[in-house]
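Residue numbers (this note's numbering): 265 to 407.
Structure first, then comments.
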């Protein structure tokens, strides 16, 4: 469990770094009047703070679903990244609803979709980092 927590923390930092880089480059080319480096650091802290619980909880849920259902349906193994993305977006929606006590105003809906997409993308990046770079296979270990 400690390894899972450590891996989720490192993945949250890596994912936040990638997303911060993308948004900082966008802000740089947009030629905003703000200091790009201070905005980038703020983005990094915010994304790390919000992406860690999303990555950790969705990673646990998807690993459990993968162990239970994907082994029964071997043709559906390619849907695992989509499971990560959907669970990341779902957990982010739960976090937003808990922070707002279930009341989301219409003016906040413009913020909601990019936030859900960002959390889904961070969960898919978690899948990519943990399964491609660490060379984990989809198959269960042979006994």
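Cβ atoms here follow ideal geometry from the backbone N, Cα and C, with glycine treated the same way.
None of these values were measured; they are calculated from a predicted model.
Proximity winner among the options, relative to residue i (alpha-carbon distances)
i	options	result
residue 267	313, 324, 310, 331	324
residue 310	274, 377, 281, 343	281
residue 378	394, 352, 392	352
residue 314	395, 357, 393	357
residue 394	307, 312, 306, 326	326
residue 384	330, 316, 328	316
residue 305	344, 277, 382	277
residue 308	386, 391, 392	386
residue 350	381, 360, 374	381
residue 345	273, 392, 274	392
Three-state secondary structure (DSSP) of residue i
i	result
residue 402	Interpretation of residue 402 is limited by its pLDDT of 49, a score under 50 that renders its predicted location unreliable; no figure is taken from the coordinates.
Proximity test, Cβ basis, 7 Å: residue i and chain B
i	result
residue 277	The question asks about chain B, but that chain is absent: this structure has only one protein chain.
Near the ligand MN: residue i beta-carbon under 6 Å from a heavy atom
i	result
residue 277	Among the components of this structure there are no ligands whatsoever, and the ligand MN is therefore not found.
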